[in-house]
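See structure below.
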Amino acid sequence: GIQVEQSPPDLILQEGANSTLRCNFSDSVNNLQWFHQNPWGQLINLFYIPSGTKQNGRLSATTVATERYSLLYISSSQTTDSGVYFCAVVDYKLSFGAGTTVTVRA
Amino acid sequence: DGGITQSPKYLFRKEGQNVTLSCEQNLNHDAMYWYRQDPGQGLRLIYYSQIVNDFQKGDIAEGYSVSREKKESFPLTVTSAQKNPTAFYLCASSMGGNEQFFGPGTRLTVL
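So the protein lines, in turn, are chains E and B.
Sequential numbering of the first sequence, starting at -5, is according to the working numbering.
Sequential numbering of the second sequence, starting at 183, is according to the working numbering.
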């Protein structure tokens, strides 16, 4: 199956800082999703992005399908951004990476 | 209010018992999925269904069973054959194979 690798595994930020999360995948995919898992376990959809760039408020994502990677940018981080960020590639199912745990300190 | 509901939120099971987790969606999505999440890990696919009365095994189907008698419902049974069932279970749905949306999850603990 498709392998998905996320980096870094952990990220500690001071409130207001910017950061970049990376997702590499091993094969061509139909699509890609980014999620934020909150402390209660709920997966929040952030982006559904097969290629190109999308923005939603302080978050943006870029997928370069030909080079098999995607990036998630968090700007002006807030404590509410804390949690685990997952990248998942879409074939007939979602194949998840292990996630990046983000901690934003006030 | 459209969405995906899962019940119960927490479930405790004695060893040797079967338990059934509920997943309902009112998004009119064709496809539904069950995933398992263990601490510190990503999600793994248990079963999925693309249409009513049809379903396929995912990567870790052993010890689990499902049914899809109605479009809006996809219950998961964790059987006594599942050796390590304690985990967080998440249900998802999508229109075809497009963007998937998740329910709030069920935390199962075996006592």
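Even for Gly, the Cβ is constructed at its ideal location relative to N, Cα and C.
The Cβ-Cβ distance between residue 240 of chain B and residue 230 of chain B falls below 7 Å. Judged by pairs of C-beta atoms under 8 Å, the region 73 to 87 of chain E touches the region 24 to 39 of chain E, as three or more such pairs exist. Identification of chain E residues near residue 223 of chain B by a Cβ-Cβ cut-off of 9 Å yields 90, 92, 93, ordered along the chain. For residue 277 of chain B, the closest C-alpha among the options B:266, B:271, B:270, B:253 is that of B:253.
Under the three-state reduction of DSSP, residue -1 of chain E is assigned to strand. According to the DSSP secondary-structure assignment, residue 283 of chain B is paired through a beta bridge with B:275. Contact of residue 267 of chain B with chain E by beta-carbon distance below 7 Å is absent, the smallest such distance being about 17 Å. Here the C-alpha atom of residue 6 of chain E lies approximately 45 Å from the C-alpha atom of residue 234 of chain B. Listed along the chain, the chain E residues whose CB falls inside 7 Å of the CB of residue 246 of chain B amount to none; the nearest CB is some 15 Å away. Residue 188 of chain B counts as buried, since at least 16 other C-beta atoms from the protein chains shown sit within 10 angstroms of its C-beta. Contact between residue 94 of chain E and residue 3 of chain E holds: CB atoms are separated by about 6 Å, below the 8 Å threshold.
A Cβ of chain B is located within less than 7 Å of the beta carbon of residue 80 of chain E.
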